[in-house]
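K.L.:
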Amino acid sequence: MKWLWMILAIVAGMATSVQAGVNGGLGKRVGVMEGAFVSFLIGTIVLFLLQLFFGKGDLLQMFSVPKWQLLGGVLGAFYVFVMVLIVPKVGVATSIMAVVAGQLVMSSIIDHFGLLGGQQIPFDMRRMTGIILLFCALWLFYKK
C-alpha cells in the first residue's frame, strides 16, 4: 500500500509541473497577478463543488482551528503566484527543480524538529547528501 501512496505523490508532482506550465502561459496572456487569481478562482470553484457533493467533514470547524492552520491558502497563493511569474523566465523544469529543493530543505527542518505536529525524523548524512545532490541538479538545470 505504501507504494500506491508514493505513486500518487509522483502523479501529484507531475500535475504540479503541468500546472506550472499552464499557469505560466496564462500569466503571459492575462498578467501575473491576474493569472494567479484565475487559477485559484477555478480551483476554489472545483473544491467547493467537490466538498459540496462528496465532503464528509465539518467545514464550520475552520473557525475553531488554530489560526496558523489557515495559512495553507496563503502559502498556496504565494506558490501559484511565483510559478506564474518565473516559469516564463526560467522554464518549467528549472522552476519545479527549485521548488522541490526548497520543499526538501524546509520539510527536513520540519521533520528534524517534529514541527507542525509531525513525526520527528532526525536529519542525517544520507538526507544531507540527497539535498546537496538535488542542489547540484538544480545548478545543472539552470546553468547556461
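For the sequence shown, the positions run 1 to 144 when my numbering is used. We put the CB at the ideal spot given by N, CA and C, even for glycine.
I need the boundaries of the alpha helix (DSSP H) containing Pro-88, first residue and last residue.
P.N.:
71 to 90
K.L.:
Tell me whether the beta-carbon of Gly-130 lies closer than 9 Å to the beta-carbon of Val-87.
P.N.:
no
K.L.:
Grab the span of the alpha helix (DSSP H) containing Met-128 for me, first residue to last.
P.N.:
125 to 142
K.L.:
Go ahead and pull the three-state DSSP assignment for Lys-56.
P.N.:
The three-state secondary structure of Lys-56, taken from DSSP, is coil.
K.L.:
Please confirm whether Ala-101 and Leu-134 have their CB atoms less than 9 Å apart.
P.N.:
yes
K.L.:
Determine whether the beta carbon atoms of Leu-138 and Ala-98 lie at a separation below 9 Å.
P.N.:
Contact: yes.
K.L.:
For Val-65, name the three-state secondary structure that DSSP assigns.
P.N.:
coil
K.L.:
Which value, in whole angstroms, describes the spacing of the CA atoms of Thr-124 and Gly-114?
P.N.:
Looking at the sequence shown, residue 124 is not Thr but Asp. So the two alpha carbons sit approximately 14 Å from each other.
K.L.:
In or out: Gly-149 buried (at least 16 other Cβ within 10 Å) or exposed?
P.N.:
Outside the displayed range of the chain (1 to 144) lies residue 149, so it cannot be described from this structure.
K.L.:
Return yes when the C-beta of Asn-23 is under 8 Å from any heavy atom of the ligand MG, and no when it is not.
P.N.:
The ligand MG is not part of the structure shown, which contains no ligands of any sort.
K.L.:
Going along the chain, which residues of its own chain have a beta-carbon closer than 8 Å to the beta-carbon of Phe-40, five neighbours each way excluded?
P.N.:
Gly-76, Ala-77, Val-80
K.L.:
In chain order, what residues of the same chain have a beta carbon less than 6 Å from the beta carbon of Tyr-142, not counting five sequence neighbours either side?
P.N.:
Thr-94
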